[in-house]
DNA sequence: ATTAATATGTTATATTATAACATCACGTAG
DNA sequence: CTACGTGATGTTATAATATAACATATTAAT
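Chains as they are written, first to last, in our numbering: chain A, 51 to 219; chain B, 51 to 219.
Structure below.
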């Protein structure tokens, strides 16, 4: 089993009830701490966008974010959202989900990791888990052919356990 | 090692010189055969789009295909390309690469497989390989939390061995 | 204070994708 | 054969996603 126990817990948790407010505020603190450590500027827009991502139970598109920014009195031209998102993604505070052109806050911003997403087609929630870099079959295949990986995209779409249960009831 | 030997060969091959014309015509024949077996209609546009994908050494965007279709006398409104691509993807003759919004012909259209792509940022070629369904850590994680996978996206971007060598020369 | 680097403001436009509805082609049940 | 249902194509329009380019402002370091 390449998946770590606590990571598995997190995955399951993302599709269940949990203290989201607490979880969000811990992650916000983590981001502030990391920015301080690394000399990164968590400016008002960037912080607001991260807050929006943390608050959401589902991934947000750039234009969802844009309209929430507008509602909070920020400037609302597309580059505003894309720049903030770029910052968050580049620095590991958020991830882009390619399959659905959307963004989620990272659930483990301190760890170097290769995220894996499970996207539920019914409730539209997304669970993040990860594998240790270097341990996946993707990495092993790459090494075997001398391919130097810069970034990986690993996503699955389907139905989460809760939605599946609800459907058969 | 979860990667099969012959699959590995294919991966390496995709970034190297090979008899592309022969490889393309074999895959075209395979597609015609599969359509006959399964009662699918490989109409002129669909065949032309598959031909274009097979001919290309790199993935093609929908609008690349559209302009090549136009150049060959086909109708060239976006839905024409998207419909043909949808058909090819749904029936396993092509894959969509999410990371770059582009399409490639499938190199193993007869096999049920979960494709993996390695995208070279320098030469823009893409190698397809695959893992046996059910054997990846993605599948194991999904089973562990009761997530029912419909489709997976596994992609890596970076530098292929050839481009890396060329750069250090 | 001056300056270089970073971040934001703004306009415009590029790129990717789909909705909606009309028409056509083809196999088949009557 | 023929009319009917299905699937495929034609066409217009527009939606959704993303970036280029350049001006201005803020910050941090000298």
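Positions of the beta carbon are idealized from the N, C-alpha and C atoms, including for glycine.
Quiz item: Would DSSP call residue 83 of chain A helix, strand or coil?
Solution: Taking the first chain and counting its residues from 1, the one referred to as residue 83 of chain A is at position 33. Residue 83 of chain A falls in the helix class under three-state DSSP.
Exercise. Would you check if the region 89-102 of chain B and the region 121-137 of chain B touch, i.e. whether three or more CB-CB distances between them fall below 8 angstroms?
Key: yes
Quiz item: How big is the Cα-Cα spacing for residue 70 of chain A and residue 168 of chain B?
Solution: What you label residue 70 of chain A is simply residue 20 of the first chain in a count that begins at 1. What you label residue 168 of chain B is simply residue 118 of the second chain in a count that begins at 1. If I take the Cα positions, the gap works out to 36 angstroms.
Self-check item: Under the three-state DSSP convention, the category residue 213 of chain B falls into
Solution: Mapped onto the second chain, residue 213 of chain B falls at position 163. Helix at residue 213 of chain B.
Exercise. Check the Cβ-Cβ distances between residue 161 of chain A and every residue of chain B, and say whether any is below 9 angstroms.
Key: For the purposes of this step, residue 161 of chain A is taken as the residue at position 111 of the first chain. It does not: the Cβ of residue 161 of chain A has no partner Cβ on chain B nearer than 9 angstroms.
Quiz item: Would you call residue 87 of chain A buried or exposed, if buried means 16 or more other Cβ atoms sit within 10 Å of its Cβ?
Solution: As a working note, residue 87 of chain A is residue 37 in the first chain. Answer is exposed; the Cβ neighbour count stays below 16.
Quiz item: Between the region 189-214 of chain B and chain A, which residues of the former have CB atoms less than 8 angstroms from a CB of the latter, in chain order?
Solution: 190, 191, 192, 194, 195, 196, 197, 198, 199, 200, 201, 202, 203, 204, 205, 206, 207, 208, 209, 210, 211, 214
Quiz item: Would you call residue 215 of chain B buried or exposed, if buried means 16 or more other Cβ atoms sit within 10 Å of its Cβ?
Solution: As a working mapping, residue 215 of chain B is identified with position 165 in the second chain. Exposed.
Practice problem: Count the other C-beta atoms from every protein chain shown that fall within 10 angstroms of the C-beta of residue 218 of chain A, then say buried if there are 16 or more, exposed otherwise. | Solution: As a first step, residue 218 of chain A must be located in the first chain, where it is residue number 168. Exposed is the call here.
Quiz item: What does residue 186 of chain B reach in chain A if we use C-beta pairs closer than 7 angstroms?
Solution: Within the second chain, residue 186 of chain B is the residue found at index 136, counting from 1. Chain A residues near residue 186 of chain B: 187.
Quiz item: Which value, in whole angstroms, describes the spacing of the CA atoms of residue 200 of chain A and residue 164 of chain B?
Solution: For the purposes of this step, residue 200 of chain A is taken as the residue at position 150 of the first chain. For the purposes of this step, residue 164 of chain B is taken as the residue at position 114 of the second chain. If you take the alpha carbons of residue 200 of chain A and residue 164 of chain B, they lie about 21 angstroms apart.
Exercise. Could you check if residue 146 of chain A is buried or exposed, using at least 16 other CB atoms within 10 Å of its CB as the buried criterion?
Key: Indexing the first chain from 1 puts residue 146 of chain A at position 96. Result: buried.
Practice problem: With 8 angstroms as the C-beta to C-beta threshold (strictly closer), list the residues of the region 129-162 of chain B near chain A in chain order. | Solution: 148, 149
Exercise. For residue 212 of chain B, collect the residues of the same chain with a Cβ closer than 6 angstroms to its Cβ; drop the 5 residues on either side in sequence, then sort them by chain order.
Key: Counting from one through the second chain, the residue named residue 212 of chain B turns up at place 162. Counting only Cβ-Cβ distances below 6 angstroms, and skipping sequence neighbours, we find 65.
Quiz prompt | Neighbour-count burial assignment, residue 186 of chain A, 16 or more Cβ in a 10 Å radius | solution = In the first chain, the residue the question calls residue 186 of chain A occupies position 136. With 16 or more other Cβ atoms within 10 Å, it is buried.
Quiz item: What is the rounded straight-line gap between the Cα of residue 171 of chain A and the Cα of residue 114 of chain A?
Solution: Position 121 of the first chain, counting from 1, holds the residue named residue 171 of chain A. Position 64 of the first chain, counting from 1, holds the residue named residue 114 of chain A. If I take the Cα positions, the gap works out to 18 angstroms.
Exercise. Please decide whether residue 170 of chain A counts as near chain B, where near means a Cβ-Cβ distance under 9 angstroms.
Key: The residue given as residue 170 of chain A occupies position 120 in the first chain. Yes, because at least one Cβ of chain B sits closer than 9 angstroms to the Cβ of residue 170 of chain A.
Quiz prompt | Amino acids of chain A, ordered along the chain, whose beta-carbon sits closer than 7 angstroms to that of residue 176 of chain B | solution = By 1-based counting over the second chain, the position of residue 176 of chain B is 126. Those do not exist, as residue 176 of chain B stays about 11 angstroms from chain A at its closest Cβ, beyond 7 angstroms.
Quiz item: Secondary structure at residue 160 of chain A, three-state DSSP: helix, strand or coil?
Solution: Within the first chain, residue 160 of chain A is the residue found at index 110, counting from 1. Residue state, collapsed to three classes: coil.
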